[in-house]
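Asks: Okay, handing you the structure first.
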Amino acid sequence: MKNKKQRCLKKKKPVTKKEKTKKTFRSLFEESIACNLTKRKVEYDYESIDISYTTIRKYKPDFILSNGIIIEAKGYFRSADQRKHKLIKEQHPDLDIRFVFQKASARVQGSQMTCAQWCDTYNFQYSETYIPKNWIDELTLTKKGTHD
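Now the structure itself:
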């Protein structure tokens, strides 16, 4: 922090592009605030803690069978969808979400893993091309805890 304080107290010369890449602040505005705090002899920490936060999003399933099974049809399995479905499974473990892939052997975006391998890894049931008859015929627990 001494270097930051010393730099603040010196007369400023125009900042070159090369110097910008060396700075420890994310912006010149942040640096100017730090300089002002230093001149006023105010102690501070800069970006010293991490604060977690979540955003609320909504998921609209492609198909919901009468037995409650949620079907997600995927031609291309994007990274954002992979993250979304892992979070949904984590936050709503009671939902039975299954995938029907256009091609289960296709690679998922950003990985060497196939769609089928991704489902096996993260405990999702999947099928290729169509919804299997046994999924349609399957009885699942309703919200009341009884079978349909």
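For the sequence shown, our numbering begins at -4 and goes up steadily by one. Even glycine gets a Cβ: it sits at the ideal position worked out from N, Cα and C.
1) As a quick exercise: from Phe24, Gln97, Tyr41, Thr49, pick the residue whose alpha carbon is nearest that of Lys79.
2) In terms of DSSP beta bridges, what is Phe58 paired with?
3) Considering only DSSP beta bridges, list what Ile92 is partnered with.
4) Given a cut-off of 8 Å on the beta-carbon distance, is the pair Ile64 and Glu133 in contact?
5) So Gln166 is in the beta strand (DSSP E); what residue range does that whole segment cover?
6) Using only CA atoms, which one of Arg35, Val37, Tyr41, Thr33 lies nearest to Ala22?
7) Taking the straight line between their C-alpha atoms, what separation do you get for Lys53 and Ile28?
8) Would you call the region 90 to 99 and the region 28 to 37 in contact, with 3 or more CB pairs under 8 Å?
9) Quick one: grab the DSSP three-state call for Arg102.
10) Glu85: buried (16+ other C-beta within 10 angstroms of its C-beta) or exposed?
11) Drop a sphere of 10 angstroms on the beta-carbon of Ala75, count the other beta-carbons inside from all chains shown, and report buried for 16 or more, exposed for fewer.
12) Would you decide whether Val37 is buried or exposed? Buried here means 16 or more other CB atoms lie within 10 Å of its CB.
Replies: The answer reads as follows:
1) When only C-alpha atoms are compared, the closest one is Thr49.
2) As a beta-bridge residue in DSSP terms, Phe58 pairs with Ile66.
3) Per DSSP, Ile65.
4) Closer than 8 Å, so yes.
5) Residue 166 cannot be examined here, being either before or after the span of the chain that is shown, -4 to 143.
6) Correcting the residue identity first, residue 22 is Ser in this sequence and not Ala. Measuring from the Cα of Ser22, the nearest candidate turns out to be Tyr41.
7) Roughly 38 Å between the two C-alpha positions.
8) In this structure the region 90 to 99 does not touch the region 28 to 37; the number of beta carbon pairs closer than 8 Å is below three.
9) DSSP places Arg102 in strand when its eight states are reduced to three.
10) Residue burial annotation: Glu85 is exposed, with fewer than 16 other C-beta atoms found within 10 angstroms of its C-beta.
11) Under a 10 Å Cβ-count criterion, Ala75 is classified as exposed, with fewer than 16 other Cβ atoms of the shown protein chains found around its own Cβ.
12) By the 16-neighbour rule on beta-carbons within 10 angstroms, Val37 is exposed.
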